[in-house]
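Read the structure below first, then the notes.
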Amino acid sequence: MDECSTSVESTVEIGATSTATSSSSSPRNGTIKEECTQLQSLYDKYSIQQKEIERLEEQNAEYREKLLKTIRERDLNDELLRNVRDTHKKETSELEKRIRDYEIQLKAVQDRASAQEAHYNVTMKDLSLKYNTSVSQLTKKADLAEKEKNDAVIKYATREAEMMRMRAEVQKKEQELQECKKAKEELEQCQSQENVEQLEKANNSLRVEIEHIKHEKFDLENKLKMAEKRAEACSTSVTELKQQCDVLRKQLIQIKEEKAQLQEEHRQLSLKTQVQESRRQHESQELSKSQQDLEQRLAEANSHIASMGEANREVNARLEEVTRLV
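The numbering of the sequence shown is our numbering, which starts it at 708 and goes up by one.
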């Protein structure tokens, strides 16, 4: 370009000098003026084209810089998108692993709770059956002991009344015996030997009857003591069974509390799993949204790069066209 402008300027200078030196002939001067005018117009066009070329080159350099910047941004966005995808995959795999672990723990807790609940139900049924059986047996034994006690009391009262009656009879017989002795003594003095023998027989029979009454009294006292011991043993058995029932009742309450605690742990674990699931869904949505934003930005960058490339091609085409014209 500089060489061409130099040649044009030299041509113009030569034309000017030739115009000054050869002013004698007018036709030649007119031709030279016309040539100078043409050269001047060509020089002006050349200057305009030169400025246009410089402007297009500056614009091309600016577009090239923008294109390189856009390409760098695209590469950076690609790298960022890959990092986000890798992070998303890692977090998703970690969350899925944690969810699987929580599901395994939840299943284990559910199985353990089901097994313990079944065990507790069986234990409660057995304890309830044993408790009801023991209560019914104890009730029967208590009723039987109470009945035996009442019967023994009645028998004791009857025997006591009978013993009192016998004591009264014994006293009466003793009085009669004393009277008989007195009568015997009197009869020994007053009556014959036959009456004395009869009184002795009566006395012996009274003694035998008194001994028999004493034996019956002793038997009744022994039976009363045995009945009292049996009643005391029944009372002790009732007390022990009541204590066993209290222990079973406490065990039943403890089992119910453990069951409630397991149900609460199961509920808390379910809530925790739901929270983790909702958090994972929220993080997945956020990652998907950020990925979509990055993809949108990448698409915009690609479209911008395409438009910049199109503009660059247009500038290059115009530059080539101007170069051809020059």
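Ideal Cβ placement from N, Cα and C applies to all residues, glycine included.
Inter-residue CB distance, residue i and residue j (contact presumed, cutoff 8 angstroms)
i: L913; j: K880; result: 5 angstroms
i: N1009; j: R781; result: 7 angstroms
i: L955; j: Y827; result: The Cβ separation is near 14 angstroms, so there is no contact.
i: L834; j: L948; result: Incorrect: roughly 14 angstroms between the Cβ atoms, too far for contact.
i: A820; j: L969; result: 5 angstroms
i: E824; j: K966; result: 6 angstroms
i: R805; j: Q981; result: Between Q981 and R805 the Cβ distance is about 13 angstroms, and since that is not below 8 angstroms, they are no contact.
i: T799; j: S985; result: Actually they do not touch by this definition, with Cβ atoms about 15 angstroms apart.
Cβ shell of residue i (< 7 angstroms), same chain only, five flanking positions each side left out
i: S748; result: none
i: Q878; result: none
i: I1012; result: L774, T777, I778 and R781
i: T846; result: none
i: A909; result: C887
i: E761; result: none
i: M831; result: L959 and I962
i: E972; result: V816
i: Q1003; result: none
Contacting residues, own chain, Cβ-Cβ under 6 angstroms from residue i (five flanking each side not counted)
i: A859; result: A934
i: K856; result: A938
i: Q905; result: none
i: K924; result: M870
i: R987; result: L802
i: Y863; result: L931
i: Y753; result: none
i: I755; result: none
Close Cβ partners of residue i (< 8 angstroms) along its chain, the five nearest in sequence each way excluded
i: L976; result: Y809, Q812, L813 and V816
i: E883; result: L913
i: D785; result: L1005
i: S841; result: L948, Q951 and C952
i: N911; result: none
### Task
Check whether the region 911–928 touches the region 859–877, counting contact only when three or more Cβ pairs, one atom from each stretch, lie closer than 8 angstroms.
Cβ pair count under 8 angstroms is three or more, so yes.
#### Entry: Stretch-stretch touch, CB-based, cutoff 8 angstroms, three pairs: the region 786–801 with the region 992–1007
At 8 angstroms Cβ cutoff, the stretches touch.
### Message
So within the region 942–988, which uninterrupted alpha helix (DSSP H) runs reach at least 4 residues, ignoring any that extend past its ends?
### Response
DSSP runs (the alpha helix (DSSP H)) wholly in the region 942–988: none.
### Task
Any chance you could list the beta strand (DSSP E) runs of at least 3 consecutive residues sitting entirely within the region 784–841, in chain order?
Runs of the beta strand (DSSP E) inside the region 784–841: none found.
### In chain order, each beta strand (DSSP E) run of at least 3 residues that lies wholly inside the region 758–788
The region 758–788 contains no whole beta strand (DSSP E) run of 3 or more residues.
### Sequence ranges, alpha helix (DSSP H) only - wholly within the region 1000–1029, length at least 4
With a minimum length of 4 residues, there is no unbroken run of alpha helix (DSSP H) contained wholly in the region 1000–1029.
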